[in-house]
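A.B. asks: For the sequence shown, my numbering gives the first residue as 32, with consecutive numbering after it. All residues carry an ideal CB built from backbone N, CA and C; glycine is no exception. First, the structure itself, so that you have it in front of you.
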Amino acid sequence: MPTPPNIIIDSSNFGILSVDSKGVINSWNKAAQKIFSRDEKDAIGAHIETLLNGHKQKLINSSFQHTFKHQVLTEFEVDVTDDSGSNTAIAVSFSPMVDDNETCIGVSIWLRNITNRRVLEYQLEKSEHMASLGNLAAGVAHNFNNITGGIGTIVDFALESDAPTTIRKALEMTSEAVARMRKITESLLVFADRDTLQYDLSDFTEVLLTFLRLVEISLNEKDIQITLDIESTPVFEIAGSKLHQLLNNLVDNATDAMPNGGDITILVKTTKKEIILLFSDTGAGINISDLPHIFEPFFTTHDVIHGGHLNREGLGLSVVHGIITKLGGKISCNSEIGRGATFTIKLPFK
32 MPTPPNIIID
42 SSNFGILSVD
52 SKGVINSWNK
62 AAQKIFSRDE
72 KDAIGAHIET
82 LLNGHKQKLI
92 NSSFQHTFKH
102 QVLTEFEVDV
112 TDDSGSNTAI
122 AVSFSPMVDD
132 NETCIGVSIW
142 LRNITNRRVL
152 EYQLEKSEHM
162 ASLGNLAAGV
172 AHNFNNITGG
182 IGTIVDFALE
192 SDAPTTIRKA
202 LEMTSEAVAR
212 MRKITESLLV
222 FADRDTLQYD
232 LSDFTEVLLT
242 FLRLVEISLN
252 EKDIQITLDI
262 ESTPVFEIAG
272 SKLHQLLNNL
282 VDNATDAMPN
292 GGDITILVKT
302 TKKEIILLFS
312 DTGAGINISD
322 LPHIFEPFFT
332 THDVIHGGHL
342 NREGLGLSVV
352 HGIITKLGGK
362 ISCNSEIGRG
372 ATFTIKLPFK
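Rendered as structure tokens:
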């Protein structure tokens, strides 16, 4: 004998309810009662907005209107606070209910308690952060030991010489080593929220065009062509110095990958929620086993130890990642050996 649908719904761990075309609740299962600490008799006949308080009412009502009007699935996550002040993280899914005439007659709402998942995500993020700090500290110690060791050798050599040209050369090499240390320190400040760079708000497109003019000549001298393709983009305010810094680091990374020249393409497009920048090069590409590590501090494959010809600390892409994270965005990379690399940067509209 088939199980009645109402028993299946009522025994589900998912909160399940339905609302009519006006947003009035007309069904409510036991899991929903537990999530909202609200009896069925109090919920049936109430408007969906009454489930949440404050600005969350606007979220749930706009989600209902969007689902009902466009007959599309709408999903989001929200925190629910009960009378005792305890928070529960809920994944919410709005689904249109359509009759045989393809007319939307209401919306079904599915609720899932994701509090435990949030806790696990936090614990994982914390453990990864601690591991990252360990790698960061080891990288700083390694690089500073190498640099200070070199300075010591140079100074000792200068002290034993009476030749002015030798002493001058030693001072120049010491100055270069100190500059390397300063660059490492400035890069690390990006991770510590103590950035000394000025937060000057500028238009995103304007910064891109200015940056292109600044680097175009030097790239042409290296037989590298850079192309900028900007789709219709609204005014988007961003910290100009930050955007300039991350673009410069991406260009440096691409240049390292194209010692014999090549092409860099920057494509900018927008959606309703975000601005998307695609930064591509035609360089050597990145090994698939290295992709998960490219944003880690001090990770590099361009230095002499790895068969390259450059003196790199491996902070460029980690700085880029830090800047984008602080701006509330995300970055990812697709690449394969011999076919270049493409970095996708997504920045949300405020």
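1) Whose C-alpha, out of E108, N176, K377, is nearest the C-alpha of L2?
2) Can you tell me whether S363 is buried or exposed? The criterion is at least 16 other CB atoms within 10 Å of its CB, across all chains shown.
3) Assuming V311 is part of the alpha helix (DSSP H), what are its boundary residues?
4) Starting from the Cα of G418, find the closest Cα among E305, G293, K303 and give me that residue.
5) Would you mind stating whether L348 and F326 have Cβ atoms separated by less than 7 Å?
6) Got a sec: does the ligand MG put a non-hydrogen atom nearer than 6 Å to the Cβ of M128?
7) Would S126 and L104 qualify as a contact pair, given that the criterion is a beta-carbon distance under 7 Å?
8) Whole beta strand (DSSP E) runs in the region 78-142 with 3 or more residues, listed along the chain?
9) Using the Cα positions of G339 and M204, report the straight-line distance between them to the nearest angstrom.
10) Alpha carbon to alpha carbon, how far is K253 from T286?
11) Following the continuous beta strand (DSSP E) through T373, name the residue where it begins and the one where it ends.
12) Per DSSP, what kind of secondary structure is K253 in: helix, strand or coil?
13) Return the residue from the list T196, K65, I91 that minimises the CA-CA distance to L26.
14) What did DSSP end up calling T301 once you bin it into helix, strand or coil?
15) Taking buried to mean at least 16 other C-beta atoms within 10 Å of its own C-beta, is P328 buried or exposed?
C.D. replies: Let's see:
1) There is no way to answer for residue 2, as the model of the chain reaches only from 32 to 381.
2) S363 comes out exposed.
3) Reading the sequence as shown, one finds Ser at residue 311 and not Val. Counting along the chain, S311 falls outside any alpha helix (DSSP H), though it belongs to the beta strand (DSSP E) covering 305-312.
4) Residue 418 lies beyond the residue range present for the chain, which begins at 32 and ends at 381; the question has no answer from this structure.
5) Yes, these two residues count as a Cβ contact at 7 Å.
6) This structure lacks the ligand MG; in fact it carries no ligand of any kind.
7) Yes.
8) Listed in chain order, they are 105-112, 118-129.
9) Note that G339 scores a pLDDT of 41, beneath 50, so its modelled location is shaky; the value from the coordinates is reported in the next line. In a straight line, the C-alpha of G339 is about 22 Å away from that of M204.
10) Distance from the CA of K253 to the CA of T286, rounded to the nearest whole angstrom, comes to 8 Å.
11) That run of the beta strand (DSSP E) goes 372-379.
12) Three-state result, K253: coil.
13) Since the first residue of the chain shown is 32 and the last is 381, residue 26 is not available in this structure.
14) DSSP places T301 within a strand segment (E or B) once states are collapsed to three.
15) Around the beta carbon of P328, 16 or more other beta carbons sit within 10 angstroms, so the residue counts as buried.
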